[in-house]
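**Q** One structure coming up, written as structure tokens, with questions to follow.
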Amino acid sequence: MRTITASGLLFCATCLSACSINVDTEGFIVREEKRFAVEGVAELTLQTFDGGVEVRGWDRLEVVVEIEMRAVDKEAVSKITVLAEQTGQKI
-2 MRTITASGLL
8 FCATCLSACS
18 INVDTEGFIV
28 REEKRFAVEG
38 VAELTLQTFD
48 GGVEVRGWDR
58 LEVVVEIEMR
68 AVDKEAVSKI
78 TVLAEQTGQK
88 I
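Be aware that the sequence shown starts at -2, since it is given in the numbering used here, and climbs by one per residue.
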């Protein structure tokens, strides 16, 4: 019984060592930055369909929007639309 178990473990180890699993389905990343000059307090509206949003305050008279788009390949990233616009103090 020990011989069968040892043989089975050796067989599994050999098979698994030749296996490669890639769980990174978002292998292509494009980063973009947009800057908006403001005076005083800005009104910021953010929306996303499938992603995280992080807001940090600072002591400058500008709003910086850092966009990170992830997809399987370059073609898929090119299909992502980002709208970033300013009207007065509204971004």
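Using N, Cα and C, we set each Cβ at its ideal position, and we do this for glycine too. Quick caveat, the model's predicted, so the values are computed rather than measured.
I'd like to know if the segment 75 to 88 and the segment 50 to 58 are in contact, where contact means that at least 3 CB-CB pairs between them fall below 8 Å.
**A** With a cut-off of 8 Å, the segment 50 to 58 and the segment 75 to 88 do not count as touching, because too few Cβ pairs lie within range.
**Q** What distance in whole Å lies between the Cβ atoms of F25 and A81, which are believed to be in contact at a cut-off of 8 Å?
**A** Between F25 and A81 the Cβ distance is about 21 Å, and since that is not below 8 Å, they are no contact.
**Q** Please state if the CB of F33 and the CB of E59 are separated by a distance shorter than 8 Å.
**A** Against a cut-off of 8 Å, the Cβ pair of F33 and E59 comes out as a contact.
**Q** So K87 is in the beta strand (DSSP E); what residue range does that whole segment cover?
**A** Premise fails: K87 is in no beta strand (DSSP E) and is neither H nor E.
**Q** On the three-state DSSP scale, how would you describe E72?
**A** In this structure, E72 counts as helix in the three-state DSSP scheme.
**Q** DSSP beta-bridge partners for A34?
**A** In the DSSP output, where bridge partners are listed per residue, A34 has E59.
**Q** For E36, which option in K71, M66, E65, R57 has the closest C-alpha, if you only look at C-alpha atoms?
**A** Nearest option by C-alpha distance: R57.
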